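>
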Ligand code: GLU
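Residue numbers (the numbering used here): 37 to 483.
#1: How long is the line joining the alpha carbons of residue 125 and residue 197, rounded to whole angstroms?
#2: If contacts are defined as beta-carbon pairs under 8 Å, then residue 89 and residue 48 qualify, I think. What distance do you get, rounded to the angstrom?
#3: Do residue 293 and residue 311 count as a contact pair if the criterion is CB distance below 9 Å?
#4: Give a single yes or no on whether residue 150 has its beta carbon closer than 8 Å to a heavy atom of the ligand NAD.
#5: Residue 167 by DSSP, collapsed to three states: which one?
#6: Please state the DSSP three-state secondary structure of residue 190.
#7: Please report the straight-line C-alpha distance between residue 79 and residue 465, rounded to a whole angstrom.
#8: Looking at residue 104: is its Cβ nearer than 9 Å to the Cβ of residue 176?
#9: Between residue 301 and residue 344, how many whole angstroms is the CB-CB distance? I'm expecting something under 8 Å.
#10: Quick check on the burial criterion: 16 or more other C-beta atoms within 10 angstroms. Buried or exposed for residue 69?
#11: Please list the segments of the alpha helix (DSSP H) lying wholly inside the region 292 to 341, counting only runs of 4 or more residues, in order along the chain.
#12: Please state the DSSP three-state secondary structure of residue 184.
#13: Any heavy atom of the ligand GLU closer than 8 Å to the Cβ of residue 126?
#14: Report the residue from 379, 472, 414 whose alpha carbon sits nearest the alpha carbon of residue 461.
#15: Within 8 Å: the Cβ of residue 409 and any heavy atom of the ligand GLU?
#16: Starting from the Cα of residue 144, find the closest Cα among 157, 397, 130, 134 and give me that residue.
#17: Roughly how far, in whole angstroms, is the beta-carbon of residue 303 from the beta-carbon of residue 338, given that I think they are within contact range, below 8 Å?
#18: Over the uninterrupted beta strand (DSSP E) stretch that includes residue 100, give me the two end residues.
#19: Is residue 341 near residue 327, with beta carbons less than 9 Å apart?
#20: Whole angstroms are fine: how far does the CA of residue 308 sit from the CA of residue 290?
#21: Against chain B, does residue 283 count as a neighbour if the rule is that its beta carbon must be under 9 Å from one of theirs?
#22: Under the criterion of a Cβ to heavy atom distance below 8 Å, does residue 304 qualify as lining the ligand GLU?
#23: Work out the CA separation of residue 225 and residue 44 for me, nearest whole Å.
#24: Measuring CB to CB, does residue 373 end up less than 9 Å from residue 350?
#25: Using 8 Å as the cut-off, classify the Cβ of residue 202 as near or not near the heavy atoms of the ligand GLU, replying yes or no.
#26: Are there 16 or more other CB atoms within 10 angstroms of the CB of residue 431, so buried, or fewer, so exposed?
#27: Would you mind reading off the limits of the alpha helix (DSSP H) that contains residue 208?
#28: Given a cut-off of 9 Å, decide if residue 354 and residue 253 are closer than it, judged by their beta-carbon atoms.
#29: Three-state secondary structure (DSSP) at residue 379?
#30: For residue 9 versus residue 348, is the C-beta distance shorter than 9 Å?
#31: What residues are listed by DSSP as bridge partners for residue 275?
#32: Name the DSSP bridge partner or partners of residue 198?
#33: Are residue 260 and residue 212 closer than 9 Å when you measure CB to CB?
#34: Span of the beta strand (DSSP E) holding residue 353?
#35: In angstroms with no decimal places, state the Cα-to-Cα distance between residue 364 and residue 448.
#36: Put residue 241 into one of helix, strand or coil per three-state DSSP.
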């Protein structure tokens, strides 16, 4: 790691103590940017990196609500508006008990580059709360969402900041959040994405992230002379992203052999396809243990309690659960099993140590910033649909998504090549995402 980069990481650590996930993403991104900064000393002079790692604005607020037993509950809400050089802040809201500023900042920082890669006019931001909707009643989730939005509404808007879903925030939460926003501002406008189809949502948005991941993986394999058809794929998670990924993998003739949940993982050598993918949809967001009921319903499947699926032999691995789910031991197991391809579905699912090990051992990695950008890209399409006030057809959305994912792959590959990294999509995605933001920031002066 070069001196300049080390210096920025030190600044970030000092300003954001005790936030390892945020430090991790800064280190991963800035390491790839070294040759770019060498070529563009004007970026260093303009304090561009120092500005990039500091959110333009961050809010933290109390969320008070009453549970079904009449007990007062207090949670924390956050929105980090990271960078608006390319457009309104855009990024999801995560509701999970482990949410704290380090998680929201890592997600917000990644979102800057991801959103830039889509080629659409969206800046980067992220928000959320340490509220966990799992196990709560609909009425409790509604009261929480209404209280959360009662503060958040004054900081967002269709031209300012457009939140969406993430872990723990799906169609139900977006609906309650939208209802409260509309009540407060008395305007029906596209302030959130991932909305229901009856009130401005985009046809195809739900499966967009998963579909995009598979389109990206297909490009990656093709560039290495391989076809996704017939490949055995190990995936993790059971949420929205996993479901869309499994659906599209089956569509393209690949075989999904694993899924995972809080209780362990399922190895289904017959393939997670057909009614099993529909079953995923049923389990999605239930927050319940999903592997035991899956194994009961489909007895050919094997259930490995308390384990992750990274020890199985597969042609392609797609982690879709959460950050840092692939650690060094998992990476070693993958390499020992002859792993050649890893495509990241979840945000930052691989630790930096595991990532380096995989790449040093010849694994081609599709980084999440690029591979899972299809979700936010379709969110931007939803914003434009709302502004035009004209609904779009699913086929149109799918076609746009596919083109965007192909372009993201190609621009990441080209940027890596240009800066001497070879076919390194991790470096390429960081560089291609950064260059556009840097150009816009330079043009907009010292703000
Ligand atoms: N949470 C998603 C992501 O990580 C979607 C964000 C959005 O649609 O704004 O990209």
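By construction, the Cβ of each residue, glycine as well, lies at the ideal position given by its N, Cα and C atoms. What you are looking at is a predicted structure, and each value in this text was computed from that prediction instead of being measured.
Well, looking at it:
#1: By 1-based counting over the chain shown, the position of residue 125 is 89. By 1-based counting over the chain shown, the position of residue 197 is 161. Straight-line Cα distance between these residues: approximately 4 Å.
#2: On the chain shown, residue 89 is found 53 positions in, with the first residue counted as 1. On the chain shown, residue 48 is found 12 positions in, with the first residue counted as 1. Yes, residue 89 and residue 48 are in contact; Cβ-Cβ is about 5 Å, under 8 Å.
#3: Numbered from 1 along the chain shown, position 275 holds the residue referred to as residue 311. Numbered from 1 along the chain shown, position 257 holds the residue referred to as residue 293. In this structure, residue 293 does not lie closer than 9 Å to residue 311 by Cβ.
#4: With respect to the ligand NAD, the structure offers nothing, as its ligand set consists of the ligand GLU.
#5: Within the chain shown, numbered from 1, the residue matching residue 167 stands at position 131. If DSSP states are grouped into helix, strand and coil, residue 167 belongs with coil.
#6: Along the chain shown, one-based indexing puts residue 190 at 154. In the displayed model, residue 190 falls within a helix according to three-state DSSP.
#7: Counting from 1 along the chain shown, the entry for residue 79 is found at position 43. Counting from 1 along the chain shown, the entry for residue 465 is found at position 429. Distance between the alpha carbons of residue 79 and residue 465: 18 Å.
#8: The sequence position of residue 104 within the chain shown is 68, counting from 1. The sequence position of residue 176 within the chain shown is 140, counting from 1. Yes. Within cutoff.
#9: Translated into the one-based positions of the chain shown, residue 301 becomes position 265. Translated into the one-based positions of the chain shown, residue 344 becomes position 308. Right, their Cβ atoms sit about 6 Å apart.
#10: The residue given as residue 69 occupies position 33 in the chain shown. Buried, by the Cβ-count rule.
#11: 311 to 319, 327 to 333
#12: Locating residue 184 in the chain shown gives position 148, counting from the first residue. In the structure shown, residue 184 falls within a helical segment according to DSSP collapsed to helix, strand and coil.
#13: Looking up residue 126 in the chain shown gives position 90. Yes, Cβ of residue 126 sits closer than 8 Å to a heavy atom of the ligand GLU.
#14: By one-based count along the chain shown, residue 461 stands at place 425. For residue 461, the closest alpha carbon among the candidates 379, 472, 414 is that of 379.
#15: Taking the first residue of the chain shown as 1, we reach residue 409 at position 373. A distance criterion of 8 Å places the beta-carbon of residue 409 in contact range of the ligand GLU, judged by its closest non-hydrogen atom.
#16: Here residue 144 is taken as the residue at index 108 of the chain shown, counted from 1. Of the candidates 157, 397, 130, 134, the one whose C-alpha sits nearest the C-alpha of residue 144 is 130.
#17: Counting from 1 along the chain shown, the entry for residue 303 is found at position 267. Counting from 1 along the chain shown, the entry for residue 338 is found at position 302. That belief holds up - the Cβ atoms of residue 303 and residue 338 are roughly 5 Å apart, short of 8 Å.
#18: Taking the first residue of the chain shown as 1, we reach residue 100 at position 64. Start and end: 93 to 102.
#19: Here residue 341 corresponds to residue number 305 of the chain shown, with the count starting at 1. Here residue 327 corresponds to residue number 291 of the chain shown, with the count starting at 1. Result yes, Cβ atoms of residue 341 and residue 327 sit closer than 9 Å.
#20: The sequence position of residue 290 within the chain shown is 254, counting from 1. The sequence position of residue 308 within the chain shown is 272, counting from 1. Using only the alpha carbons, I get a separation of about 10 Å.
#21: Judged by its chain identifiers, the structure shown contains no chain B, having just a single protein chain.
#22: As a first step, residue 304 is located in the chain shown; it is residue number 268 there, counting from the start. Residue 304 Cβ: outside cutoff for every heavy atom of the ligand GLU.
#23: Locating residue 44 in the chain shown gives position 8, where the first residue counts as 1. Locating residue 225 in the chain shown gives position 189, where the first residue counts as 1. The alpha-carbon atoms of residue 44 and residue 225 are separated by roughly 39 Å.
#24: Within the chain shown, numbered from 1, the residue matching residue 373 stands at position 337. Within the chain shown, numbered from 1, the residue matching residue 350 stands at position 314. For residue 373 and residue 350, yes; Cβs fall inside 9 Å.
#25: Sequence index remark: in the chain shown, residue 202 carries index 166 (1-based). Indeed, a heavy atom of the ligand GLU lies less than 8 Å from the Cβ.
#26: Translated into positions along the chain shown, residue 431 becomes position 395. It is exposed - the Cβ of residue 431 has fewer than 16 other Cβ atoms within 10 Å.
#27: Reading the chain shown from its first residue, position 172 is the one you call residue 208. Where residue 208 is concerned, the enclosing alpha helix (DSSP H) stretches over 207 to 221.
#28: Against the chain shown, residue 253 aligns to sequence position 217. Against the chain shown, residue 354 aligns to sequence position 318. The answer is yes: Cβ separation under 9 Å.
#29: Numbered from its first residue, the chain shown carries residue 379 at position 343. For residue 379, the secondary structure class from DSSP, reduced to helix, strand or coil, is strand.
#30: Residue 9 falls outside the range modelled here, since the chain spans only 37 to 483, and no answer is possible.
#31: For this step, residue 275 is matched to residue 239 along the chain shown. Per DSSP, none; premise fails for residue 275.
#32: Counted from its first residue, the chain shown places residue 198 at position 162. Its beta-bridge partners are 126.
#33: Along the chain shown, read from residue 1 onward, the residue named residue 260 stands at position 224. Along the chain shown, read from residue 1 onward, the residue named residue 212 stands at position 176. Cβ atoms of residue 260 and residue 212: not closer than 9 Å.
#34: For the purposes of this step, residue 353 is identified with residue 317 of the chain shown, where counting begins at 1. Run containing residue 353: 352 to 354, per the beta strand (DSSP E) assignment.
#35: By one-based count along the chain shown, residue 364 stands at place 328. By one-based count along the chain shown, residue 448 stands at place 412. Between residue 364 and residue 448, the C-alpha separation is close to 25 Å.
#36: The count along the chain shown starts at 1 and reaches residue 241 at position 205. Residue 241: helix per DSSP, three-state reduction.
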